[in-house]
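Single-structure report; data block below.
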Amino acid sequence: MRILNRCIGTLFFVVCAVTIVPAQQTSPSGTPVKLDDLLSEAEGRNPQIQSARRSWESSQHVPTQVSTLPDPQLTLQHVSVGSPRPFSGYTNSDFAYVGFGFSQDIPYPGKLRLRGELAGKDADVSRQHYESARRTILADVKAAYYQLAYLGKTRTILEEDGRLLEQIELAAEARYRTGSGTQQEVLQAQIEKTKLLREITTSELEVGRAQAEIKQLLSREQSSPDIETDDLAETTTVYTYEQLLSAANSNNPEIAAMQKMVERQGLQVGLARKDFYPDFNVQYMWQRTDPTRVRAYYMLTFGVRIPIYRARRQQPELAQATADQNRARSDLEAQSQQTAFELRQQYLTVEKSAELLKIYHEGLIPQAQAELQAGLAAYQNNRQDFQALLASFRDLLMLDQEYWQTLLEREKALAQIEQSTGLSLRGQRE
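So for the sequence shown, this note's numbering puts the first residue at 1; every next one is plus one.
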């Protein structure tokens, strides 16, 4: 018995020596960084956004290239007679001459225009890909920012509940000293305190990961100072699901890219039909022999490239373009359905989380706090079991964490809605 008491005293000393220290401020100035500032920084520095933007800028230079006539070809001819030496027979033969000419390939009317419009649609698709990449990165920045804010609030909750646990521990120790409590109650209170220390350490690990993620999104050095966030707050929204879906159908870059692909494939079908018609070639030649005896020759040639292998070339080309057009329509329908499905899930998360937050804030958490305070007073007066008091503490801790986890999921869902619809909801904060 004496040995057991000594072990309990040693454990009590070790646990009390490990105190729950306040969260450290990682920002040098301790000033929270506004989310809007980080979004602007990500838009200007993130390499994925920059790569997508440059790809779009590059595609804008293609339409004029493919819609322009092929370069003309200049020709220099020299024919000598009787000897390989230049100008041999030039003065005594009608067959020796020097000629200059050019030729120009001319596609069938409408082909160049269609090729330019095709390249223009490719540029439109590239622009939508850039917008999609931009929105995705910004949504990731918001999610990482909210995660950091949530982890900061979790640390505060653990510290506040740690102080409540210290009161429970002191009450258990006081009862043990008077003989009305048991050694097991003291040990259980100390174990709960150690569990809180474990959760704080786990939270610090998650903070480090979130800091690394947001720095990567901002293209900052990993050794740069950590980012301090504003408090996590609830964002309200006045939009209905139908309004959000309408905005998504109008502004979602992935849907817009699919729509442009359908239009592009329609132009591709038109170009495939044009390939059933011939292309042309015009040549003009000036030839000169001895000017004292023969006048100069002028020759105009008009050529036609006839598509005679239609069954092996043009018809399969048209069938391929038609199949690609049908595939693009199916892709558009699938993307529209996927966007509506994801938006519905996010809207339900926002809608139901608002109700849950109200239940937590106005009902469960105040009730759990009142139960814990009443239980602690009853335990100190030997009117309540220690296990019931400990259960009340665990319930309060769990409800606090669930409240902020629900708020985090709500804010992340709103960030996804902003990504899908292009609307800004962050100005409507409570």
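Glycine included, C-beta positions come from ideal geometry on N, C-alpha and C.
Compare the Cα-Cα distances from G44 to each of A334, A388, L245, R220 and report the closest residue. Closest in alpha carbon position to G44, among A334, A388, L245, R220, is R220.
Among M258, Q77, S224, nearest to L332 - alpha-carbon criterion: Among M258, Q77, S224, the Cα nearest to that of L332 belongs to M258.
Rounded straight-line distance, which links the Cα of L118 to that of L300: Cα-Cα distance, rounded: 34 Å.
Where the beta strand (DSSP E) containing Y97 begins and where it ends: Start and end: 97-106.
List, from N- to C-terminal side, the alpha helix (DSSP H) runs of 4 residues or more that fit wholly inside the stretch 308-354. With a minimum length of 4 residues, no continuous alpha helix (DSSP H) run stays inside the stretch 308-354.
Counting only runs that start and end within the stretch 219-263, where is the alpha helix (DSSP H) found for 4 or more residues in a row? DSSP runs (the alpha helix (DSSP H)) wholly in the stretch 219-263: 241-251.
When DSSP builds the beta bridges, which residues end up paired with W286? Residue pairing by DSSP places W286 opposite F100, Y298 in a beta bridge.
Beta-carbon within less than 7 Å of Y440's beta-carbon, same chain only, minus the 5 sequence neighbours each way: which residues are those? The question about residue 440 has no answer here: the residues shown for the chain are numbered 1 through 430.
Beta-carbon separation of F95 and T75 under 9 Å? Between F95 and T75, the gap from beta carbon to beta carbon reaches 9 Å or more.
Three-way DSSP call (helix, strand, coil) for V33 in this model: Judged by DSSP in its simplified three-state form, V33 adopts coil rather than helix or strand.
Is A377 near the ligand COA, in the sense that its beta carbon is under 8 Å from a heavy atom of that ligand? Annotation note on the ligand COA: not contained in the displayed structure, which lists no ligands.
Output the distance between the C-alpha atoms of M398 and Q369, rounded to the nearest integer angstrom. In a straight line, the C-alpha of M398 is about 12 Å away from that of Q369.
For H361, which three-state DSSP category applies? Under the three-state reduction of DSSP output, H361 falls in the helix class.
F302 classed as buried or exposed, judged by whether at least 16 other C-beta atoms fall within 10 angstroms: Counting Cβ neighbours within 10 Å, F302 comes out exposed, since fewer than 16 surround it.
Contact the stretch 244-258 vs the stretch 128-135: 3+ CB pairs below 8 Å: Here the stretch 244-258 lies against the stretch 128-135, with 3 or more beta-carbon pairs under 8 Å apart.
Tell me whether the stretch 382-398 and the stretch 169-186 touch, counting them as touching only if at least three CB pairs, one residue from each stretch, are closer than 8 Å. Counting C-beta pairs closer than 8 Å gives three or more between the stretch 382-398 and the stretch 169-186, which meets the contact rule.
Contact defined as beta carbons within less than 8 Å: I believe A171 pairs with Q380. What is the distance between those atoms, to the nearest angstrom? Contact holds; Cβ gap of about 5 Å.
Check R175 in the structure and name its three-state DSSP category. In this structure, R175 counts as helix in the three-state DSSP scheme.
Alpha carbon to alpha carbon, what distance is there between E355 and Y241? Going from the Cα of Y241 to the Cα of E355 covers about 17 Å.
Closest residue to L408 among S67, T236, Q147 (Cα-Cα distance): The option with the nearest alpha carbon to L408 is Q147.
To the nearest angstrom, how far is it from the Cα of A247 to the Cα of S59? Rounded to the nearest whole angstrom, the CA to CA distance from A247 to S59 is 27 Å.
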